[in-house]
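Quick note on our numbering: the sequence shown kicks off at 25 and runs consecutively.
Beta carbons: idealized from backbone N, C-alpha and C, even for Gly.
Note that the structure is predicted; figures quoted are calculated from it, not measured.
See below for the structure under consideration.
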Amino acid sequence: MILVVGANGMLGQDLMSLLGERGRGVDLPDIDITDMVSVQQVLTALKPKVVINCAAYTDVDGCETNTETAMQVNGEGVAFLGLVTRAIGAKLVQVSTDYVFDGSKGSPYREDDLQQPLNIYGESKLAGELNVDINPDNLLVRTQWLYGLHGKNFVETMLKLGQEKTELTVVDDQIGSPTWTMDLARGILALINKDCCGTYHCANSGHTSWNGFAKAIFDEAGLPVQVLPMTTEQLNRPARRPLYSTLDCSKLVADTGFEPQSWHEALKQYLTLRKES
Numbered sequence: 025m026i027l028v029v030g031a032n033g034m035l036g037q038d039l040m041s042l043l044g045e046r047g048r049g050v051d052l053p054d055i056d057i058t059d060m061v062s063v064q065q066v067l068t069a070l071k072p073k074v075v076i077n078c079a080a081y082t083d084v085d086g087c088e089t090n091t092e093t094a095m096q097v098n099g100e101g102v103a104f105l106g107l108v109t110r111a112i113g114a115k116l117v118q119v120s121t122d123y124v125f126d127g128s129k130g131s132p133y134r135e136d137d138l139q140q141p142l143n144i145y146g147e148s149k150l151a152g153e154l155n156v157d158i159n160p161d162n163l164l165v166r167t168q169w170l171y172g173l174h175g176k177n178f179v180e181t182m183l184k185l186g187q188e189k190t191e192l193t194v195v196d197d198q199i200g201s202p203t204w205t206m207d208l209a210r211g212i213l214a215l216i217n218k219d220c221c222g223t224y225h226c227a228n229s230g231h232t233s234w235n236g237f238a239k240a241i242f243d244e245a246g247l248p249v250q251v252l253p254m255t256t257e258q259l260n261r262p263a264r265r266p267l268y269s270t271l272d273c274s275k276l277v278a279d280t281g282f283e284p285q286s287w288h289e290a291l292k293q294y295l296t297l298r299k300e301s
C-alpha cells in the first residue's frame, strides 16, 4: 500500500486518483507531521510500503515571517517521517522545489547542482531534503510552478482576474516550467514503479516567464486580456525569488521512460478538464 500524506492537497488528490486501490490518504487532523507521536501512531498502524509526503507549508512570502512554522512543517516533519518510515521498512518519497536553487546558473538545474536558497521557504525545503536521508530508502523529487484542479494556484488566479480586468501586469524576468500536478503525480509513480532512489527532477518540459504563462492562459481560455511586463524588483515581494530555475528532467526520462509533456500542452489539457469538471 502507498500512503499519501497531505492527501487533500493539490498534488495529493491527483496522486490518490491515479493510485486507486493501491493508495491510502491521510491529512490533518488525522496526521500532524510536526508531531512525532502522531506520525508514529498513523504509520505503525497502517504499515505502508511507500509513504509519499505531499504535506508542506508553501506560502513563499508567508514563510519569511512564519519561519518557525516553515521549518517545522518543511524540515522537522520530514525528519519524523524519515525516522518512522526507516523503522517500519517503508520507502519515503519527499517532494521538493526549484526554490532550493538561487537561479544564477543560467541553464537548467541538474539533480547534483549546489543548493543555495534565496528565501526561508527554500531554506526550509532544503532542510527537508537533508532530513529525508534519515531513511536511506528515499526518493526526493524536485518540481516547480505547480497548478492543479484541487487548490489555489497561478492559473486559477489569472482566470479569475481575466473575468474582471482587460489589462494586467505580470513579472517577466522569472523563468521556469509551469507544471500540472497530474503530470508530476505520473512522474512520481513512474519513479516508484521502477523502485528508483535518490534525487530526481520532474516538471513539464519547456520554459517560460510568469508573463508568458499568463498570456498562454488567456489565449487558451479565450479571454481578451493584455498582459504587460514588469520586473521582480518592481513587484517587491517579501521573499526573494530565483530568476532562472528551470529543472533538467533528463535523469527521470532515462531511468523511467516517462517523459513529461510540454507545459503548453499540459495547460491545454488542464483547461479542458477544468471545463468538464
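With distance defined between alpha-carbon atoms, name the residue in the options nearest to residue i.
i           : options            : result
residue 128 : 49, 197, 249, 72   : 197
residue 224 : 206, 255, 282, 237 : 282
residue 56  : 208, 279, 77       : 77
residue 212 : 30, 35, 25         : 35
residue 29  : 122, 246, 97, 244  : 97
residue 48  : 25, 65, 42, 59     : 25
residue 222 : 83, 246, 100, 134  : 134
residue 120 : 132, 279, 81, 207  : 81
residue 216 : 280, 139, 87, 37   : 280
residue 270 : 137, 122, 175      : 122
residue 75  : 52, 87, 106        : 106
residue 166 : 288, 275, 32       : 275
residue 254 : 195, 130, 242      : 195
residue 260 : 51, 214, 85        : 85
residue 159 : 72, 104, 250       : 104
residue 187 : 277, 294, 242, 295 : 242
residue 295 : 214, 131, 150, 206 : 206
residue 278 : 40, 59, 214, 83    : 214
residue 52  : 73, 40, 79         : 79
residue 288 : 58, 73, 179        : 179
residue 268 : 40, 131, 83        : 131
What number of angstroms, rounded off, separates the C-alpha of residue i from the C-alpha of residue j?
i           : j           : result
residue 209 : residue 252 : 33 Å
residue 117 : residue 27  : 10 Å
residue 95  : residue 148 : 5 Å
residue 193 : residue 113 : 50 Å
residue 102 : residue 70  : 18 Å
residue 183 : residue 110 : 43 Å
residue 218 : residue 163 : 11 Å
residue 234 : residue 67  : 39 Å
residue 248 : residue 236 : 15 Å
residue 230 : residue 65  : 42 Å
residue 286 : residue 43  : 23 Å
residue 93  : residue 145 : 10 Å
residue 244 : residue 238 : 10 Å
residue 232 : residue 61  : 43 Å
residue 108 : residue 258 : 45 Å
residue 204 : residue 301 : 16 Å
residue 161 : residue 190 : 51 Å
residue 32  : residue 38  : 9 Å
residue 115 : residue 168 : 23 Å
residue 50  : residue 63  : 11 Å
residue 292 : residue 181 : 16 Å
residue 46  : residue 272 : 30 Å
residue 284 : residue 200 : 15 Å
residue 227 : residue 54  : 30 Å
residue 290 : residue 154 : 31 Å
residue 256 : residue 126 : 14 Å
Taking the alpha helix (DSSP H) that residue i falls in, what are its first and last residues?
i           : result
residue 37  : 34-43
residue 155 : 144-155
residue 110 : 101-112
residue 28  : Not the alpha helix (DSSP H): residue 28 falls in the beta strand (DSSP E), residues 26-29.
residue 339 : There is no way to answer for residue 339, as the model of the chain reaches only from 25 to 301.
residue 285 : Per DSSP, residue 285 belongs to no alpha helix (DSSP H) and is neither H nor E.
Below 8 Å on the Cβ atoms is my guess for residue i versus residue j; work out the distance and round it to an integer in Å.
i           : j           : result
residue 173 : residue 298 : 6 Å
residue 264 : residue 142 : 4 Å
residue 262 : residue 88  : 4 Å
residue 175 : residue 99  : Actually they do not touch by this definition, with Cβ atoms about 22 Å apart.
residue 124 : residue 139 : 4 Å
How is the beta strand (DSSP E) around residue i delimited, first residue to last?
i           : result
residue 115 : 115-121
residue 50  : 47-50
Every unbroken beta strand (DSSP E) inside the stretch 158-246 [3 residues or more] = 162-167, 191-195, 222-225
Give, in chain order, every unbroken run of the alpha helix (DSSP H) that is at least 4 residues long and sits entirely within the stretch 244-269.
-> 256-259
Mind pulling the alpha helix (DSSP H) runs of 4 or more residues that sit fully within the stretch 64-90?
-> 84-89
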